[in-house]
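*Asks:*
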Amino acid sequence: MANEAVVTINTDADVVAARQKGRELATELGFVSTDSTLLATAISELARNIIRYAKHGEILIAPVQSGDRVGITVVARDKGPGIANIPLAMQDGFSTSGGLGLGLPGVKRLMDEFHLVSDANTGTTVTIKKWKR
Amino acid sequence: MEVPILKQGLYLIASIQAALSDLDLVHLRDALAEKVGKFRARGVIVDVTVLDVMDSFASRTLRDLAHMTRLRGAETVIVGIQPEVAFAMVQLGLTLEGVDTALDLEEGLAFLDKKTKRHPSRG
């Protein structure tokens with residue numbers, strides 16, 4: 108099975124690097140092109156949030172298997188200030204006018220699974236999964 | 107990576123060649139706002155055919171670009187958004203509201219011709 112990759116996120120160029128890594132792995136695993144695009148876009152948003160709110164962090168991109176299913180899991184981790192109001196951050200305004208403007212409801216819509224852990228002491232970890240169709 | 111900007115008649119055409127960082131996009135926005143004045147352009151085409159991801163920052167920057175050039179007296183049309191990219195954008199709630207779009211360069215030129223057509227002067 109393909110290898111996992113960790114991309115350190117420090118600058119805006121790393122956002123591009125992270126999403127390209129995601130697309131590479133998706134292509135390698137035989138994802139349909141649309142799903143590769145959805146995955147790359149979600150990674151881009153998560154990487155962007157790291158730079159904007161935490162300055163530094165990392166994104167792990169790894170293949171996952173569950174029974175017959177093959178997929179990709181992405182873990183975006185930072186030690187930033189954390190999200191004070193998670194329900195508000197997940198509130199869907201379907202645009203920047205609603206929620207906190209983190210784009211997290213949008214990322215959730217792009218993916219099959221979405222998990223968010225955040226607090227002021229440890230920072231924020233977003234875990235997303237996309238299964239191959 | 108800098109985006110080449112070509113002048114064709116009254117129009118400026120920015121043809122994106124590869125994935126762009128945030129900084130590249132901001133440079134493109136500012137360069138076009140400036141060049142509209144320098145070349146007295148009436149229309150701007152931004153060709154995003156090669157972009158495989160259009161995230162919130164890219165969408166916002168293109169929207170700002172279109173509004174800035176309009177304030178400078180030129181119409182902007184974004185061309186070449188790929189179907190998969192459009193799908194991802196809609197899922198994210200990025201609709202480029204208030205920004206003109208066209209299928210490709212050819213349609214973009216036709217759109218600008220129609221939009222910037224000057225009314226015949228009365229006489």
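Taken in sequence, the protein lines are chains U and G. Using my numbering, you'd call the opening residue of the first sequence number 108 and step up by one each time. Using my numbering, you'd call the opening residue of the second sequence number 107 and step up by one each time. Virtual Cβ for every residue (Gly too), placed ideally from N, Cα, C.
Which one of U:K237, U:W238, U:G230, U:T234 has the shortest CA to CA distance from K162 (chain U)?
*Replies:* Residue 162 (chain U) sits at position 55 when you count from the first residue of the first sequence. Comparing Cα positions, the closest option is U:G230.
*Asks:* Taking just the CA atoms, how far does L202 (chain G) sit from R166 (chain G)?
*Replies:* The residue labelled residue 166 (chain G) in the question sits at position 60 within the second sequence. The residue labelled residue 202 (chain G) in the question sits at position 96 within the second sequence. Approximately 8 Å, taken between the alpha carbons.
*Asks:* When the Cβ atoms of the region 185-199 of chain G are set against those of the region 215-228 of chain U, are three or more pairs found closer than 8 Å?
*Replies:* Flag = yes, the region 185-199 of chain G and the region 215-228 of chain U touch.
*Asks:* What in chain U is Cβ-close to F193 (chain G), meaning under 8 Å?
*Replies:* Looking up residue 193 (chain G) in the second sequence gives position 87. Those within 8 Å of F193 (chain G) in chain U are T141, T144, L145.
*Asks:* Give me the Cβ distance between L146 (chain U) and V113 (chain U), rounded to the nearest whole Å; I'm assuming they're in contact under 8 Å.
*Replies:* Start at 1 with the first residue of the first sequence, and residue 146 (chain U) comes out as number 39. Start at 1 with the first residue of the first sequence, and residue 113 (chain U) comes out as number 6. At roughly 16 Å, the Cβ-Cβ gap does not stay under 8 Å, so L146 (chain U) and V113 (chain U) are not in contact.
*Asks:* Quick check on the burial criterion: 16 or more other C-beta atoms within 10 angstroms. Buried or exposed for D142 (chain U)?
*Replies:* In the first sequence, counting from the first residue as 1, residue 142 (chain U) sits at position 35. Buried, since its Cβ has 16 or more Cβ neighbours within 10 Å.
*Asks:* Please report whether the beta-carbon of R240 (chain U) lies at a distance below 8 Å from any beta-carbon of chain G.
*Replies:* Within the first sequence, numbered from 1, the residue matching residue 240 (chain U) stands at position 133. With 8 Å as the cut-off, R240 (chain U) does not count as an interface residue toward chain G.
*Asks:* Which value, in whole angstroms, describes the spacing of the CA atoms of A169 (chain U) and I150 (chain U)?
*Replies:* On the first sequence, residue 169 (chain U) is found 62 positions in, with the first residue counted as 1. On the first sequence, residue 150 (chain U) is found 43 positions in, with the first residue counted as 1. A169 (chain U) and I150 (chain U): Cα-Cα distance of roughly 12 Å.
*Asks:* Who are R184 (chain U)'s beta bridge partners in DSSP?
*Replies:* For the purposes of this step, residue 184 (chain U) is taken as the residue at position 77 of the first sequence. Beta-bridge pairing links R184 (chain U) to U:E165, U:T232.
*Asks:* Can you pull out the residues from the region 214-225 of chain U whose beta carbon lies closer than 9 Å to at least one beta carbon of chain G?
*Replies:* Under the 9 Å Cβ criterion, the region 214-225 of chain U contributes V214, R216, L217.
*Asks:* In the DSSP assignment, find the unbroken alpha helix (DSSP H) run with K141 (chain G) in it and report its ends.
*Replies:* Translated into positions along the second sequence, residue 141 (chain G) becomes position 35. Start and end: 128-144.
*Asks:* Using C-beta distances below 8 Å, list every residue in its chain close to L131 (chain G), excluding the 5 sequence neighbours before and after it, in chain order.
*Replies:* As a working note, residue 131 (chain G) is residue 25 in the second sequence. Result list for L131 (chain G): F163, A164, T167, L168, in chain order.
*Asks:* Is it buried or exposed, N117 (chain U), if we count other Cβ atoms within 10 angstroms and call 16 or more buried?
*Replies:* Taking the first sequence and counting its residues from 1, one reaches residue 117 (chain U) at position 10. When all chains shown are included, N117 (chain U) counts as exposed.
*Asks:* Quick one: is V156 (chain G) buried, meaning 16 or more other Cβ sit within 10 Å of its Cβ, or exposed?
*Replies:* Residue 156 (chain G) sits at position 50 when you count from the first residue of the second sequence. Exposed is the call here.
*Asks:* Using a Cβ-Cβ cutoff of 9 Å, what residues of the region 177-204 of chain G are near chain U? List them in chain order.
*Replies:* Within the region 177-204 of chain G, the qualifying residues are Q188, P189, E190, V191, F193, A194, M195, Q197, L198, G199, L200, T201, E203.
*Asks:* Once DSSP output is grouped into helix, strand and coil, what is the label at K215 (chain U)?
*Replies:* As a position in the first sequence, residue 215 (chain U) is number 108, starting the count at 1. In this structure, K215 (chain U) counts as helix in the three-state DSSP scheme.
*Asks:* Any beta carbon from chain U within less than 8 Å of L118 (chain G)'s own beta carbon?
*Replies:* As a first step, residue 118 (chain G) must be located in the second sequence, where it is residue number 12. Answer no: the Cβ-Cβ gap between L118 (chain G) and chain U never drops below 8 Å.
*Asks:* Got a sec: which bits of the region 146-170 of chain U sit with their beta carbon under 7 Å from any beta carbon on chain G, in order along the chain?
*Replies:* Flagged, chain order: A147, T148, S151, E152, R155.
*Asks:* Between U:L153, U:A125, U:D119, U:G210, which has its C-alpha nearest E111 (chain U)'s C-alpha?
*Replies:* The residue labelled residue 111 (chain U) in the question sits at position 4 within the first sequence. Residue U:A125 is the option with its Cα nearest to E111 (chain U).
*Asks:* Between the alpha carbons of A196 (chain U) and A154 (chain U), how many angstroms are there, rounded?
*Replies:* Counting from one through the first sequence, the residue named residue 196 (chain U) turns up at place 89. Counting from one through the first sequence, the residue named residue 154 (chain U) turns up at place 47. In a straight line, the C-alpha of A196 (chain U) is about 16 Å away from that of A154 (chain U).
*Asks:* Can you pull the chain B neighbours of V156 (chain G), defined as C-beta to C-beta under 8 Å?
*Replies:* Structure shown: chain B not included; protein chains present are U and G.
*Asks:* Would you call E152 (chain U) buried or exposed, if buried means 16 or more other Cβ atoms sit within 10 Å of its Cβ?
*Replies:* As a first step, residue 152 (chain U) is located in the first sequence; it is residue number 45 there, counting from the start. With 16 or more Cβ atoms within 10 Å of its Cβ, E152 (chain U) is classed as buried.
*Asks:* In whole angstroms, what separates the C-alpha of S202 (chain U) from that of L134 (chain G)?
*Replies:* Within the first sequence, numbered from 1, the residue matching residue 202 (chain U) stands at position 95. Within the second sequence, numbered from 1, the residue matching residue 134 (chain G) stands at position 28. Confidence at S202 (chain U) is low in this model, with a pLDDT of 46, below 50, so its placement is unreliable and the value that follows should be read with caution. For S202 (chain U) and L134 (chain G), the distance between alpha carbons rounds to 24 Å.
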